[in-house]
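What follows is a single structure, written as structure tokens, with notes after it.
2 protein chains.
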Amino acid sequence: MELAEAKQRFIEAWGKLGSEWGINRTMAQVHALLLISPEALTTEQVMEQLQISRGNANMTLRDLINWGLIEKQHRSGERKEYFFAEKDVWTIARQVAKERKRRELEPVLKLLTQLQEVEGDAQDPEYTTFKKSVTDINKLAGNVDSTLETMLKAEENWFFGSIFKLFK
Amino acid sequence: MELAEAKQRFIEAWGKLGSEWGINRTMAQVHALLLISPEALTTEQVMEQLQISRGNANMTLRDLINWGLIEKQHRSGERKEYFFAEKDVWTIARQVAKERKRRELEPVLKLLTQLQEVEGDAQDPEYTTFKKSVTDINKLAGNVDSTLETMLKAEENWFFGSIFKLFK
DNA sequence: TCAAACTTTCAATATTTATTGAAAGATATT
DNA sequence: AATATCTTTCAATAAATATTGAAAGTTTGA
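Going line by line, the protein sequences match chains A and B. To convert, note that position 73 of the first sequence is 73 in the UniProt record's numbering; the numbers rise steadily by one, no gaps. To convert, note that position 47 of the second sequence is 47 in the UniProt record's numbering; the numbers rise steadily by one, no gaps.
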């Protein structure tokens with residue numbers, strides 16, 4: 001396979017995977033493009049390569065900065081901004097985990113904890129079933145949360161290495 | 001908080017969480033409804049409670065069956081079908097992990113492995129950067145895949161318990 | 001101060017995704 | 001075999017989400 005085709009395929013696959021997991025397709029594609037690019041790119045270059053509008057490129061690049069996945073670079077003597085992606089995959093994974101935990105997992109955990117306190121008749125199956133489901137989910141979500149917390153602090157080799165040793 | 005309100009909030013939160021993670025909001029809501037319901041429900045009841053159309057209810061219930069999250073029940077003397085959700089949260093988590101692994105992770109893993117074999121000039125930064133990124137992602141994805149595989153076979157207490165013992 | 005170079009905004013538009021509901025398809029009952 | 005009960009399908013429609021591009025905003029340097 002040609003490098004050019006491989007790049008294309010990678011960008012498309014990354015976009016598809018992103019959209020399947022609730023991440024804007026274009027954002028995932030821009031990230032993919034920068035990830036495989038040895039040099040920082042300008043907005044112009046991103047627009048050109050992915051055939052997207054200026055507005056779209058601008059918003060998407062800003063979002064990626066907010067996710068902590070890319071950064072702006074400036075070059076002396078130039079006014080243009082360049083964008084460069086963090087290349088360490090484990091750092092990227094942690095960053096994504098961190099953001100999604102904060103944006104999506106934590107609010108749900110908070111609500112679940114509230115819902116657990118609903119009052120009711122212990123004889124009423126409607127009540128007991130609700131309470132049990134909510135409590136169980138809350139417990140599991142707490143476990144997931146702790147595991148993510150551990151992941152955020154850990155080195156890749158340590159994290160996976162230790163899990164594997166354990167489960168062999 | 002009233003039970004009725006708590007139920008409502010739970011269903012909404014579950015729907016929102018689902019949609020943030022690429023799962024149809026209605027599907028997540030129907031699942032939530034059945035999860036907190038002590039009895040199996042009919043299509044009619046699901047339509048009524050969530051205010052959705054017959055077609056939508058039917059398709060959604062079928063999808064949930066395909067995800068292995070609910071099952072049909074029949075009652076002697078009745079022609080109506082009843083739907084009942086698996087209530088064990090760890091089983092649900094495993095089921096979701098299994099399906100998403102199969103549907104989304106595995107195809108990407110396959111492609112990454114192909115892309116890793118792209119030929120090129122080892123002096124060309126375009127080539128080396130691409131190759132390194134793809135290889136690194138592939139490695140990480142492989143680790144995730146193995147961990148999920150372990151999770152699929154494990155009991156909840158063992159899985160999380162072991163992780164926690166390790167990371168304390 | 002002006003204008004060139006670049007970035008940001010956002011209302012209009014397009015695309016994608018989800019939902020409806022009526023009709024067709026099953027299946028059991030008389 | 002006709003009818004009643006229930007399920008499934010799918011083209012039309014609606015809703016949600018993403019994208020465009022022109023205009024406004026900002027910064028720099030002549």
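The beta-carbon is built from N, C-alpha and C at its ideal position, and this holds for glycine as well. As the structure is a computational prediction, the values presented were derived from the model and not from experiment.
Query, Result
"Residue from B:Q114, B:M47, B:D63 and B:K7 with nearest C-alpha to A:M1", "B:Q114"
"Validate contact between the stretch 80-87 of chain B and the stretch 56-72 of chain B using beta carbons, cut 8 Å, 3 pairs", "yes"
"8 Å Cβ cut-off: residues of chain B touching A:K72", "Here the premise fails: no neighbours, minimum Cβ distance about 19 Å."
"Per DSSP, the bridge partner or partners of A:L148", "According to DSSP, which records beta bridges pairwise, A:L148 is partnered with nothing at all."
"As assigned by DSSP and simplified to three states, the class of B:I137", "helix"
"Residue environment, A:E106, which counts as buried when at least 16 other CB atoms sit within 10 Å", "exposed"
"Min CB distance A:Y82 to chain B below 7 Å", "no"
"Collapsed DSSP secondary structure at B:A85 in the structure displayed", "strand"
"Beta-carbon gap between B:L41 and A:G120 smaller than 7 Å", "no"
"Rounded straight-line distance, which links the Cα of A:S37 to that of A:E78", "20 Å"
"Buried/exposed call for A:A93, threshold 16 Cβ in 10 Å", "buried"
"Residue-level contact to chain A via CB, B:N66, 7 Å cutoff", "no"
"Three CB pairs or more closer than 8 Å across the stretch 21-35 of chain A and the stretch 18-27 of chain B", "yes"
"Continuous beta strand (DSSP E) stretch holding A:Q73: start and end", "I70 to H74"
"C-beta contact flag for B:I52 and B:L33 at 7 Å", "no"
"Extent of the continuous alpha helix (DSSP H) to which B:K16 belongs", "L3 to E20"
"For A:T42: DSSP bridge partner residues", "A:Y82"
"is_contact[B:N157, chain A] using C-beta, thresh 7 Å", "no"
"Cα-Cα separation, A:K98 to A:L148", "8 Å"
"Close Cβ partners of B:T60 (< 6 Å) along its chain, the five nearest in sequence each way excluded", "T26, M27 and V30"
"Chain-ordered neighbours of A:K7 on chain B, where CB pairs are closer than 8 Å", "F130"
"Residues near A:L112 by beta carbon distance below 8 Å, same chain, minus five either side", "V134, I137, N138 and A141"
"Amino acids of chain A, ordered along the chain, whose beta-carbon sits closer than 8 Å to that of B:G22", "S19, E20, W21 and G22"
"Any non-hydrogen atom of the ligand SAM within 6 Å of B:G22 CB", "Ligands are entirely absent from the displayed structure, and the ligand SAM is therefore not among its contents."
"Three-state class that DSSP yields for A:V108 in the structure shown", "helix"
"Min CB distance A:G161 to chain B below 7 Å", "no"
"Spatially closest choice to B:E5 from A:K101, A:G55 and A:Q116, by CA coordinates", "A:Q116"
"Range of the contiguous alpha helix (DSSP H) that encloses A:R54", "R54 to N66"
"Same chain only: Cβ atoms within 6 Å of A:K101, ignoring 5 sequence neighbours per side", "L148"
"Contacts around A:D63, its chain only, beta-carbon distance under 8 Å, and the 5 residues preceding and following it disregarded", "N24 and M27"
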